[in-house]
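K.L.:
Quick note on numbering: the sequence shown equals residues -26 to -1, 1 to 131 in mature numbering (1 follows the signal peptide of the UniProt record, and there is no 0). Glycine included, C-beta positions come from ideal geometry on N, C-alpha and C. Computed from a predicted model, the values in this text were never measured in an experiment. Here it is: the structure, laid out below.
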Amino acid sequence: MQTAKFLTTLTMVLALALGAPGIAAAQTATHNGHDASALEIVLNNGAKWQGDQNMITGMTAIRDTMAANLDAIHAGTLSADAARGMAANVQKQLDFMVENCVLEPAVDEQFHIVLEQVMEGVAALKNGKAQPGAAAIVHALDAYGKHFEHPGWQTLD
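In structure tokens form, the structure reads like this:
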């Protein structure tokens, strides 16, 4: 099961990294037999999900990348080069989290919902769609903060 999950995730990451969002959409359509469109992030019986240090490290770095560019994002002045740089930084963290994933299956399923939205944002940033890409990632970060235990987490305003 872990090998299948890893291969599915790796395929998604590679497809997005190679700029093939159609392939990524096909790969993200299912996760452990679930239709991605039917998956909805929820709390763990009313509590936030407990992840691991790899998740915390990666998500902190993604948040820091977005925070460093927040003024340009809000002003609508984020250049295509800056957007591609943000995409590369975020992709690096996605790769790190995928390569080091040891989450329990229920946590992993919920976290993948967040990661899929981050991946969509990365694809948009790579394709020169700075505002929608950044908005997707910021929205994913907000959902992450509401659903996962992360000491010191602060939403982006």
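Of the choices 113, 102, 108, 110, whose alpha-carbon is the least far from that of residue 54?
P.N.:
Your numbering for residue 54 matches position 80 in the sequence shown. Of the candidates 113, 102, 108, 110, the one whose C-alpha sits nearest the C-alpha of residue 54 is 102.
K.L.:
Using only the alpha-carbon positions, how far apart do residue 105 and residue 115 sit?
P.N.:
On the sequence shown, residue 105 is found 131 positions in, with the first residue counted as 1. On the sequence shown, residue 115 is found 141 positions in, with the first residue counted as 1. Roughly 15 Å between the two C-alpha positions.
K.L.:
For residue 173 and residue 36, which I take to be in contact (beta-carbon distance under 8 Å), what is that distance rounded to the nearest angstrom?
P.N.:
Residue numbering for the chain in the displayed model covers -26 to 131; residue 173 lies beyond these limits and cannot be assessed.
K.L.:
When the Cα of residue 14 is compared with those of 122, 100, 88, 34, which residue comes out closest?
P.N.:
As a working note, residue 14 is residue 40 in the sequence shown. The option with the nearest alpha carbon to residue 14 is 88.
K.L.:
In chain order, which continuous runs of the alpha helix (DSSP H) of length 4 or greater are located wholly inside the region 30 to 86?
P.N.:
Those alpha helix (DSSP H) runs which fall completely within the region 30 to 86 and span 4+ residues are 44 to 49, 54 to 73.
K.L.:
Between the C-alpha atoms of residue 43 and residue 52, what's the straight-line distance to the nearest angstrom?
P.N.:
Position 69 of the sequence shown, counted from the first residue, corresponds to residue 43. Position 78 of the sequence shown, counted from the first residue, corresponds to residue 52. Those two C-alpha atoms are separated by around 8 Å.
K.L.:
Roughly how many angstroms separate the alpha carbons of residue 96 and residue 20, rounded to a whole number?
P.N.:
Counted from its first residue, the sequence shown places residue 96 at position 122. Counted from its first residue, the sequence shown places residue 20 at position 46. Using only the alpha carbons, I get a separation of about 30 Å.
K.L.:
Classify residue 28 as helix, strand or coil using the three-state DSSP reduction.
P.N.:
As a working mapping, residue 28 is identified with position 54 in the sequence shown. Of the three classes helix, strand and coil, the one that applies to residue 28 here is helix, per DSSP.
K.L.:
Quick one: what's residue 18 bridged to in DSSP?
P.N.:
By 1-based counting over the sequence shown, the position of residue 18 is 44. According to DSSP, which records beta bridges pairwise, residue 18 is partnered with 21.
K.L.:
Do residue 24 and residue 123 have their beta-carbon atoms positioned less than 8 Å apart in this structure?
P.N.:
What you label residue 123 is simply residue 149 of the sequence shown in a count that begins at 1. What you label residue 24 is simply residue 50 of the sequence shown in a count that begins at 1. Going by C-beta atoms, residue 123 is nearer than 8 Å to residue 24.
K.L.:
If I follow the unbroken alpha helix (DSSP H) through residue 113, where does it start and stop?
P.N.:
Locating residue 113 in the sequence shown gives position 139, where the first residue counts as 1. Note, residue 113: alpha helix (DSSP H), 104 to 121.
K.L.:
Whose CA, out of 40, 18, 57, 73, lies closest to the CA of residue 98?
P.N.:
For the purposes of this step, residue 98 is taken as residue 124 along the sequence shown, with counting starting at 1. With distances taken between Cα atoms, residue 98 lies closest to 57.
K.L.:
Within its chain, find whatever has a CB closer than 7 Å to the CB of residue 127; leave out the 5 residues flanking it on each side and keep chain order.
P.N.:
As a working mapping, residue 127 is identified with position 153 in the sequence shown. Cβ within range, chain order: 119.
K.L.:
Got a sec? Which residues, its chain only, sit under 8 Å from residue 129 by beta carbon, not counting five neighbours each side?
P.N.:
Working through the sequence shown from its first residue, we reach residue 129 at position 155. If we look at residue 129 and ignore the five residues flanking it on each side, its Cβ neighbours are 115, 116, 119.
K.L.:
Once DSSP output is grouped into helix, strand and coil, what is the label at residue 126?
P.N.:
To locate residue 126, count along the sequence shown from 1; it is residue 152. Note: residue 126 maps to coil in three-state DSSP.
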